[in-house]
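Below you'll find the structure, written out as structure tokens, and then a few comments.
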Amino acid sequence: MLVLSRKQGESVVIGNDILVTVLEVRGDQIRLGIDAPRSITVHRQEVYLQVARENSAAIASSDRGSPLLRRPVPQAVAKPDPEP
Amino acid sequence: MGAERAVTTGVSGTDPNEIPEDKVILFDEGIPGLPDCRRFVILDLAPDSAFQVLQSVDTPGVSMIITVPWLFFPDYAPELSDLEQASLGIARSEDVALFCSVVLTPEDKDTVFVNLMGPFVVNPNTRRGCQFVLAGSGYPLRAPVKLPKVPP
Chain A
65 MLVLSRKQGE SVVIGNDILV TVLEVRGDQI RLGIDAPRSI TVHRQEVYLQ VARENSAAIA
125 SSDRGSPLLR RPVPQAVAKP DPEP
Chain B
-12 MGAERAVTTG VSGTDPNEIP EDKVILFDEG IPGLPDCRRF VILDLAPDSA FQVLQSVDTP
48 GVSMIITVPW LFFPDYAPEL SDLEQASLGI ARSEDVALFC SVVLTPEDKD TVFVNLMGPF
108 VVNPNTRRGC QFVLAGSGYP LRAPVKLPKV PP
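First to last, the sequence lines map onto chains A and B.
Heads up: take any position in the first sequence, counting from 1, add 64, and you land on my numbering.
For the record, in the second sequence the residue sitting at position 42 is 29 according to my numbering, with numbers rising by one throughout.
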């Protein structure tokens, strides 16, 4: 991991088109501003990891999923029969 | 299809080499946890089914069951930020295909869990997609769906 120290108001450039700025330091909270091309997603790490793990779980459990694929659309949201 | 189906081609049993290129969806950055899996296809394996398969074209063993969340959560209203919409070139929120992954648990065959926090969104015109992480939305990672018991 590359380690740099920044003060409030200072920035880090990543690659040629990602800018991370320390906007505000208040107590133990640091406010970061991120400028990146819109194709690059930015997430809090803990949330990203949650979704990554859930994807792994979905992939792993899909092996047992064949019976599920035959389940029809739930009755409650099926198109209402126009016949009275 | 033989017993090796689950290992080599995922739950769908489909050979990725037989998938037409115009059905491929491209996730530029892959998906969280799988940055190298970029090309996917959606397989409809049973008519009128509530569930489909999101199959990786790059890695045949990677596939997951997906569903259109509104089938079970009619009030689901994920909000995509302007930045998120722009990343996929979405002009209007109606112009997207959206689906969520489904997790099964061994303990309960009649309950599945839908990932409402991390929907997959695809621009059907460009065939580019992204899995968005709706962290502040309050939508759960595992929204339970109790399915009616299937007669044996």
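Glycine included, each C-beta is placed from N, C-alpha and C at the ideal position.
Give the interface partners of residue i over in chain B, defined as CB-CB distance under 7 Å, in chain order.
i         : result
Gln114(A) : Leu128
Val137(A) : Asp35, Ala37, Leu58
For residue i, go through chain B and note every residue whose CB falls closer than 9 Å to its CB, in chain order.
i        : result
Asn80(A) : Chain B residues near Asn80(A): none, gap ~17 Å exceeds 9 Å.
Gly97(A) : Residues of chain B passing the Cβ test: none, with the nearest at roughly 13 Å.
If I measure Cβ to Cβ from residue i and keep anything under 7 Å in the same chain, skipping five residues before and after, which residues do I get?
i         : result
Thr158(B) : As displayed, chain B neither begins before -12 nor continues past 139, which places residue 158(B) out of reach and without an answer.
Tyr63(B)  : Pro56, Trp57, Leu103
How about residue i and residue j: do their beta carbons lie closer than 8 Å?
i         : j         : result
Met51(B)  : Val115(A) : no
Val108(B) : Leu70(B)  : no
Ile98(A)  : Val89(A)  : no
Pro136(A) : Phe59(B)  : no
Within the same chain, show all residues whose beta-carbon is closer than 6 Å to that of residue i, passing over the 5 residues directly before and after it, in chain order.
i           : result
Ala(-10)(B) : Interpretation of Ala(-10)(B) is limited by its pLDDT of 36, a score under 50 that renders its predicted location unreliable; the figure taken from the coordinates is listed afterwards. The answer is none, since no qualifying residue turns up.
Lys133(B)   : Thr98
Thr46(B)    : Cys24
Pro101(A)   : Asp81
Phe147(B)   : Residue 147(B) lies beyond the range of chain B shown here (-12 to 139); nothing can be said about it.
Check for me: the alpha helix (DSSP H) holding residue i runs from which residue to which?
i         : result
Arg117(A) : 109 to 125
Val130(B) : Note that residue 130(B) is Ala in the sequence shown here, rather than Val. Counting along the chain, Ala130(B) falls outside any alpha helix (DSSP H), though it belongs to the beta strand (DSSP E) covering 130 to 133.
Could you list which residues in chain A have their beta carbon closer than 8 Å to that of residue i, in chain order?
i        : result
Ile12(B) : Per Cβ cutoff of 8 Å: no residues; Ile12(B) is ~15 Å from chain A at best.
Glu16(B) : Ser103, Ile104, Thr105
Please list the partners that residue i has in chain A, where partner means a Cβ-to-Cβ separation under 7 Å.
i         : result
Gly105(B) : Val115, Glu118
Return the chain-ordered list of same chain residues with a C-beta closer than 8 Å to the C-beta of residue i, the five sequence neighbours on each side being excluded.
i         : result
Gln118(B) : Phe14, Ile18, Pro19, Gly105, Pro106, Phe107, Val108
What are the boundary residues of the beta strand (DSSP E) that residue i is part of?
i        : result
Ser88(B) : 84 to 91
Glu88(A) : 82 to 90
Asp99(A) : 93 to 99
Practice problem: For the stretch 68 to 75 of chain A and the stretch 80 to 97 of chain B, state whether three or more C-beta atom pairs, one from each stretch, are separated by less than 8 Å. | Solution: no
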